[in-house]
Amino acid sequence: MRRTLLFLSLSVSIASQAQELCGTIADRCEQHITKQYIPDGQFYRALLQGDEQAEFNLTLFGGTTYRVAACSGDSDGILVFNVVDKDNNVLFSNKDQGNAPYWDLSVTNTIDVRVEAGLDPTKAGSGCAVMLIGFKK
Amino acid sequence: MRVNTSSQFAFALGLGLLMVSCGGSGTSTTDNAADTLAVDTTPKETELLNVGGKLFSIPSPVQTALAIRKAGLKYQKDLTAPLEKGDATVGKVAQSTALGIYSADLAYVTVHKDGQRAMATMQAIEKLGGKLELTNSFDKALLDRFKTNLGSEDSLLQFSGVAFRAADQYLKDNQRDDVSALVLAGGWVESLYLTVSDPSAAKDQTLVNRIGEQKNSLNALVELLESSDKEKAATSLVAAMKELQSLFSGVSSTYTFQEPVTDAAKKTTFINSTSTVTIPADKLAAIVAKVTAIRNMMLA
Chain A
17 MRRTLLFLSL SVSIASQAQE LCGTIADRCE QHITKQYIPD GQFYRALLQG DEQAEFNLTL
77 FGGTTYRVAA CSGDSDGILV FNVVDKDNNV LFSNKDQGNA PYWDLSVTNT IDVRVEAGLD
137 PTKAGSGCAV MLIGFKK
Chain B
1089 MRVNTSSQFA FALGLGLLMV SCGGSGTSTT DNAADTLAVD TTPKETELLN VGGKLFSIPS
1149 PVQTALAIRK AGLKYQKDLT APLEKGDATV GKVAQSTALG IYSADLAYVT VHKDGQRAMA
1209 TMQAIEKLGG KLELTNSFDK ALLDRFKTNL GSEDSLLQFS GVAFRAADQY LKDNQRDDVS
1269 ALVLAGGWVE SLYLTVSDPS AAKDQTLVNR IGEQKNSLNA LVELLESSDK EKAATSLVAA
1329 MKELQSLFSG VSSTYTFQEP VTDAAKKTTF INSTSTVTIP ADKLAAIVAK VTAIRNMMLA
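Chains as they are written, first to last, in my numbering: chain A, 17 to 153; chain B, 1089 to 1388.
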């Protein structure tokens, strides 16, 4: 019983620390979705360790420019993300752009993509990954 | 999968150490972390955070509202949900989906420059946000900002996008992923309802395509609703969404990869791949009927 209580209180404390950690990263990441972009209203985050990857499927609508921001740790450039089409062609990788913390995707025709994000192993072994998406009207 | 207490304790301790190390020097701690966090399914058991794995993205209702406007469909305020419905809703599922519905309505009335209705919708959102304990995202300060910027469509869309993102973050931080999913579901269904409710939408190929292009989003939404509904409070909604999903299976699409072009100076990649989507007329009619039925169910 005491162990369970200890575990529960520790869990609450850790969850609170995790929130704080991800919240701080989110605050920094939001700066990349500037006023020209409308936030998509969602918050994407995952706790990563080692070579784990977080991924999500996304429909990019034709005629739209999207901004994808990807952040982790206490500075820019820690999160590596790829945008991959349904045939596994890599459409964009921020690794080719010095781990840029944000990038714009100008989409001609609607396509379904997968966004994969992982930590740059040379910069972090674990951390909270936050991704934000905005789009231009 | 059940995890014994000592494993949970070890995980908790390991995660605690991980948290402390996250903001550190940036050097790799893989070896130590791997020892204490070897059981990668444990976080799902404890619901502290989703570790790695899959996230979900649902298109913003604003994008659909903009597509409706671009297609030149007539603005019909009566298509939006009655604002008094928000006061009458009881229970987490009804309140969450209603909040999502109002988010889509807010986008629709805003892009059609109906400032008065936008303000009234935002007030309804604030009230519902209070019921769902989201007052940190939808508060009086937001209403005031909204009121003073009623003439600026861009500002209103920006404010509402930031507010809904903050609400989503708050819900996820507090392990209320079910509410987050239901809000997204309400917004997605209402967006589609606003699109299909005008009969002239069926004659606009761009809008018809936009309906068909929702197939993957619907798949993600169903997965998200199912995985987050731990209390089985939304089983009838999930069942209805699955019926809609089966109708969408009649939507076919093609995709042709084209090499993207990157302009590093502009930090932009131009994605030029092409795609087509086809919806048989009978499937479209069935989708319209089903979307309307789900929307009515949400507002019942």
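Virtual Cβ for every residue (Gly too), placed ideally from N, Cα, C. Values in this document were obtained by computation on a predicted structure and should not be read as measured data.
Cα-Cα, which of the options is closest to residue i?
i: A:Arg107; options: A:Gln35, A:Ser91, A:Val129, A:Gln113; result: For the sequence presented, residue 107 of chain A should be read as Leu rather than Arg. Considering only alpha carbons, the answer is A:Val129.
i: A:Gly141; options: A:Gly78, A:Glu68, A:Ala86; result: A:Glu68
i: B:Gln1333; options: B:Lys1371, B:Leu1230, B:Thr1223; result: B:Lys1371
i: B:Lys1165; options: B:Asp1175, B:Ala1229, B:His1200; result: B:His1200
i: A:Gly39; options: B:Ala1255, B:Val1376, B:Phe1336; result: B:Ala1255
i: B:Gly1203; options: B:Leu1244, B:Met1329, B:Arg1383, B:Thr1380; result: B:Leu1244
i: A:Ser91; options: A:Val100, A:Leu37, A:Gln52; result: A:Leu37
i: B:Ala1251; options: B:Thr1362, B:Ser1341, B:Asp1227, B:Lys1378; result: B:Asp1227
i: B:Val1284; options: B:Leu1171, B:Lys1180, B:Gly1188, B:Ala1369; result: B:Ala1369
i: A:Pro137; options: A:Leu74, A:Phe97, A:Lys102, A:Lys153; result: A:Phe97
i: B:Ser1305; options: A:Gly150, A:Lys153, A:Thr126, A:Asp43; result: A:Thr126
i: B:Leu1270; options: B:Thr1362, B:Ile1189, B:Glu1172; result: B:Ile1189
i: B:Lys1235; options: B:Leu1259, B:Leu1167, B:Thr1209; result: B:Thr1209
i: B:Gln1346; options: A:Glu132, A:Val131, A:Asn105, A:Gly66; result: A:Asn105
i: B:Val1376; options: B:Thr1362, B:Ser1361, B:Phe1358, B:Leu1335; result: B:Leu1335
i: A:Tyr118; options: A:Asp101, A:Lys102, A:Val100, A:Gly93; result: A:Gly93
i: B:Ser1363; options: B:Lys1355, B:Tyr1343, B:Thr1356, B:Thr1357; result: B:Tyr1343
i: B:Tyr1163; options: B:Tyr1196, B:Gly1179, B:Glu1172, B:Lys1180; result: B:Tyr1196
i: A:Asp103; options: B:Met1385, B:Leu1387, B:Ala1373, B:Ser1361; result: B:Ser1361
i: B:Ala1290; options: B:Ala1373, B:Asp1175, B:Leu1154, B:Thr1356; result: B:Ala1373
Which word fits residue i, buried or exposed, when buried means at least 16 other C-beta atoms lie within 10 angstroms of its C-beta?
i: B:Gln1096; result: Model confidence at B:Gln1096 stands at a pLDDT of 40, short of 50, so the residue's coordinates are unreliable; what they give is reported in the following sentence. Looking at its Cβ environment, which holds 16 or more other Cβ atoms inside 10 Å, B:Gln1096 is buried.
i: B:Leu1125; result: Note that B:Leu1125 scores a pLDDT of 34, beneath 50, so its modelled location is shaky and nothing firm can be said.
i: B:Ala1169; result: buried
i: B:Thr1152; result: buried
i: B:Leu1106; result: Because the pLDDT at B:Leu1106 is just 43, under 50, the model does not fix this residue reliably, and the value given afterwards should be weighed accordingly. B:Leu1106 should be labelled buried.
i: B:Gly1114; result: A caution first: B:Gly1114 carries a pLDDT of 35, below 50, which makes its placement in the model too unreliable to give a value.
i: B:Pro1287; result: exposed
i: B:Ala1273; result: buried
i: A:Gln35; result: buried
i: B:Leu1246; result: Residue identity differs from the one stated: residue 1246 of chain B is Gln in this sequence, not Leu. Its Cβ being crowded by 16 or more others within 10 Å, B:Gln1246 is buried.
i: A:Phe151; result: buried
i: A:Lys139; result: buried
i: B:Asn1092; result: Here B:Asn1092 scores only 37 on pLDDT, less than 50, and its place in the model is too uncertain to base an answer on.
i: B:Ala1322; result: buried
i: B:Ala1327; result: exposed
i: A:Gln52; result: exposed
i: A:Asp120; result: buried
i: A:Gly89; result: buried
i: B:Ser1045; result: The question about residue 1045 of chain B has no answer here: the residues shown for chain B are numbered 1089 through 1388.
i: B:Asn1384; result: exposed
Would the beta-carbon of residue i fall within 8 Å of that of residue j?
i: A:Gly134; j: A:Leu64; result: yes
i: B:Ala1186; j: B:Thr1198; result: no
i: B:Ser1279; j: B:Ala1182; result: no
i: B:Ser1145; j: B:Ala1308; result: yes
i: B:Val1379; j: B:Ser1341; result: no
i: B:Leu1194; j: B:Ala1206; result: yes
i: B:Pro1149; j: A:Thr75; result: no
i: A:Phe72; j: B:Lys1318; result: no
i: A:Ile41; j: A:Lys153; result: no
i: B:Ile1367; j: B:Val1339; result: yes
i: B:Leu1259; j: B:Ser1248; result: no
i: B:Glu1214; j: B:Leu1238; result: no
i: A:Val99; j: A:Val131; result: yes
i: B:Arg1253; j: A:Gly57; result: yes
Looking at the unbroken beta strand (DSSP E) that takes in residue i, where does it start and where does it end?
i: A:Arg130; result: 127-135
i: A:Leu95; result: 95-101
i: A:Asn73; result: 69-76
i: B:Thr1362; result: 1362-1366
i: B:Asp1351; result: 1349-1351
i: B:Thr1356; result: 1356-1359
i: A:Ser142; result: 142-151
i: A:Leu121; result: 118-123
Where do the N-terminal and C-terminal ends of the alpha helix (DSSP H) with residue i fall, by residue?
i: B:Gln1151; result: 1149-1158
i: B:Asp1370; result: 1369-1387
i: B:Arg1264; result: Per DSSP, B:Arg1264 belongs to no alpha helix (DSSP H) and is neither H nor E.
i: B:Ser1315; result: 1303-1316
i: B:Val1339; result: No alpha helix (DSSP H) holds B:Val1339; DSSP gives it neither H nor E.
i: A:Lys89; result: With the sequence shown as reference, residue 89 of chain A is identified as Gly, and Lys is not the correct amino acid for it. That residue, A:Gly89, is in no alpha helix (DSSP H); it is neither H nor E in DSSP.
i: B:Val1197; result: 1180-1199
i: B:Ala1229; result: 1228-1236
For the ligand ADP, is there a heavy atom less than 7 Å away from the beta-carbon of residue i?
i: B:Glu1221; result: Among the components modelled here there is no ligand, and therefore nothing to report on the ligand ADP.
Quiz item: Contact between the stretch 1310-1326 of chain B and the stretch 1350-1360 of chain B: three or more CB pairs below 8 Å?
Solution: no
Quiz item: Touching or not, the stretch 1289-1301 of chain B and the stretch 1146-1164 of chain B, by the rule of three or more beta carbon pairs under 8 Å?
Solution: yes
Quiz item: Touch check for the stretch 1264-1280 of chain B and the stretch 72-80 of chain A: three-plus C-beta pairs under 8 Å?
Solution: no
Quiz item: Are the stretch 1255-1270 of chain B and the stretch 1219-1236 of chain B in contact at 8 Å, needing three or more beta carbon pairs?
Solution: Counting Cβ pairs under 8 Å, three or more are found: they touch.
Quiz prompt | Any 3 or more C-beta pairs closer than 8 Å across the stretch 34-51 of chain A and the stretch 85-101 of chain A | solution = The answer is yes - the stretch 85-101 of chain A touches the stretch 34-51 of chain A, with three or more Cβ pairs under 8 Å.
Practice problem: Examine the Cβ distances between the stretch 50-61 of chain A and the stretch 144-151 of chain A and report whether three or more of them are shorter than 8 Å. | Solution: Short answer: they touch.
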